[in-house]
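Take a look at the structure below.
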């Protein structure tokens, strides 16, 4: 654990990060920007897993394993989402949310 | 000393996260996200999870950010400015986020955590044995599932990104 830092301060930082992600997720109008906001939200939750593991249950490693799985799923999700976005750009030449009306061709 | 480093990291994370969701230039916003992710890996280094910090650096800073920059370069003109939401909507969403943050923080600060004082150092060996053990509490099954998921995601990404060409060829032959 970090000397002199309580768990409350770290959880405060991750909460702020989570809500910045929520804010970006709602206000952004671009598919890639929305994807980046999702990354912020996922990262905030990963830090929470790790911090709670380290501060409350230091003898087990479950939080670390779940963080690794979350990171792997997030990477897979990003790759798929980028593929979908590039394919969409080929179809309608735009990645703005308001232009995305058809999802089949 | 660690305290000061943590505060600097927290400041970097929050400032660049805000910059990332409010910047008008797309590429700059991706680079700000890169700083946020590097700051997060710094926090992992601070709490002695070196393996996780290395994963964070390689997967996010090395993989996801490069993928995002690549797609931004493909899709946008480099000078193009993003369209922002209306001011009223931004204020409303900001207020709603602040209210949600308030709820989170009151819940967190009213809860008593039983913190265990420790200086346990987790080595990569422990993580590897935990991931690959068949015993109770081992993680071999999710580990294999994740590998299958990554393979499926890779194939799916290739199929989707090449979509039109493949379907056209099929239609031609039929």
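Protein chains in written order, with the numbering used here: chain W, 245 to 349; chain E, 167 to 340.
Heads up, the beta-carbon is just placed ideally off N, CA and C, and yes, glycines get one too.
Please state the DSSP three-state secondary structure of residue 342/W.
Note: residue 342/W maps to helix in three-state DSSP.
Residue 324/E versus residue 318/E - alpha carbon distance:
Per the coordinates, the alpha-carbon of residue 324/E lies some 10 Å from the alpha-carbon of residue 318/E.
Anything in chain E within Cβ reach of residue 344/W, meaning under 9 Å, just list it in chain order.
Contact annotation for residue 344/W against chain E: no contact, minimum CB-CB distance about 13 Å [criterion: below 9 Å].
Report the residue from 315/E, 314/E, 167/E, 287/E whose alpha carbon sits nearest the alpha carbon of residue 215/E.
Of all alpha-carbon atoms in 315/E, 314/E, 167/E, 287/E, the one lying nearest the alpha-carbon of residue 215/E is that of 287/E.
Which residues of the segment 287 to 313 of chain E have a Cβ closer than 7 Å to any Cβ of chain W? Give them in chain order.
Residues 288, 292, 293, 296, 297, 305, 308, 312.
For the alpha helix (DSSP H) that residue 272/E lies in, which residues bound it at each end?
Residue 272/E -> alpha helix (DSSP H) spans 253 to 275.
Proximal residues to residue 307/W (C-beta, below 7 Å), its chain only, five neighbours per side dropped
Excluding residues up to 5 positions away in sequence, 293, 294, 296, 297 lie with their Cβ nearer than 7 Å to the Cβ of residue 307/W in the same chain.
Candidates 307/E, 200/E, 281/E: closest to residue 303/W by CA position
281/E
Give the straight-line distance between the Cα atoms of residue 328/E and residue 277/W, rounded to the nearest whole angstrom.
Rounded to the nearest angstrom, the gap between the Cα atoms of residue 328/E and residue 277/W is 23 Å.
Hey, residue 209/E and residue 326/W: beta-carbon distance below 8 Å or not?
no
Quick check on residue 379/E - is its C-beta less than 8 Å from some C-beta in chain W?
Absent from the structure is residue 379/E, since the part of chain E shown begins at 167 and ends at 340.
Would a check of beta-carbon distances place residue 178/E closer than 8 Å to chain W?
no
Three-state class that DSSP yields for residue 274/W in the structure shown:
Looking at residue 274/W - three-state DSSP - the assignment turns out to be strand.
In whole angstroms, what separates the C-alpha of residue 170/E from that of residue 321/E?
45 Å
Residues in its own chain within less than 7 Å of residue 206/E by CB, not counting five upstream and five downstream?
179, 222
Exposure of residue 354/W, with buried meaning 16 or more beta-carbon neighbours within 10 Å
Nothing in the structure corresponds to residue 354/W, since chain W is present only between 245 and 349.
Would DSSP call residue 283/E helix, strand or coil?
coil
Backbone CA spacing between residue 220/E and residue 340/W [nearest angstrom]:
Straight-line measurement puts the Cα of residue 340/W at about 34 Å from the Cα of residue 220/E.
Cross-strand partners of residue 247/E (DSSP beta bridge)
191/E
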